[in-house]
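Take the sequence shown: its position 77, counted from the start at 1, is 77 in the numbering used here, and no numbers get skipped.
Here a beta-carbon is modelled for each residue, glycine too, at the ideal position from N, C-alpha and C.
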Amino acid sequence: MNIIKYLALFSVTLGLGWFGGTYGLQAVQNIFACQQIEKGDYAVYGINDETPVKLYTTQWCPFCKKATEYLVNRKVEFIKVDIEKNPEALKEFEALEGEVLPIILVSDGLIRGFNEAALESQLKSKNLL
Numbered sequence: 001m002n003i004i005k006y007l008a009l010f011s012v013t014l015g016l017g018w019f020g021g022t023y024g025l026q027a028v029q030n031i032f033a034c035q036q037i038e039k040g041d042y043a044v045y046g047i048n049d050e051t052p053v054k055l056y057t058t059q060w061c062p063f064c065k066k067a068t069e070y071l072v073n074r075k076v077e078f079i080k081v082d083i084e085k086n087p088e089a090l091k092e093f094e095a096l097e098g099e100v101l102p103i104i105l106v107s108d109g110l111i112r113g114f115n116e117a118a119l120e121s122q123l124k125s126k127n128l129l
């Protein structure tokens with residue numbers, strides 16, 4: 001009888017862990033999406049009406065690849081700069097106090113790291129999605 005209780009508890013715990021891992025992170029990102037966007041004037045970094053999205057990346061960064069795929073799959077035009085290959089891009093990255101990759105500029109918003117909910121929110125607010 002005790003083994004059945006333990007197996008049932010294990011199954012419930014496993015199911016909750018799977019559900020929380022799959023949907024929990026996405027829910028938390030959605031809740032805090034607006035707080036992930038730093039508002040400012042990023043015109044000095046080449047952000048304007050014609051090119052409102054700029055992505056600072058490296059070749060080895062997996063989150064940079066996810067951000068690139070996200071923008072490409074949604075047919076969002078953007079400028080992609082590799083901070084390891086482009087010294088000017090590295091200076092801009094440092095001026096933006098870059099500590100994490102990618103840094104994504106969308107019009108008047110800056111997003112540090114790849115946060116799909118924050119990126120989608122900013123793109124939609126600027127009618128880019």
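Beta-carbon gap between residue i and residue j smaller than 8 Å
i: residue 56; j: residue 101; result: yes
i: residue 44; j: residue 76; result: no
i: residue 63; j: residue 113; result: yes
i: residue 103; j: residue 96; result: yes
i: residue 84; j: residue 68; result: no
Contacting residues, own chain, Cβ-Cβ under 7 Å from residue i (five flanking each side not counted)
i: residue 36; result: 111, 115 and 118
i: residue 41; result: 108
Same chain only: Cβ atoms within 6 Å of residue i, ignoring 5 sequence neighbours per side
i: residue 108; result: 39
i: residue 79; result: 51 and 54
Sequence-distant residues of the same chain with beta carbon closer than 8 Å to residue i, five excluded per side
i: residue 13; result: none
Buried or exposed (CB count within 10 angstroms, at least 16 for buried), residue i
i: residue 94; result: exposed
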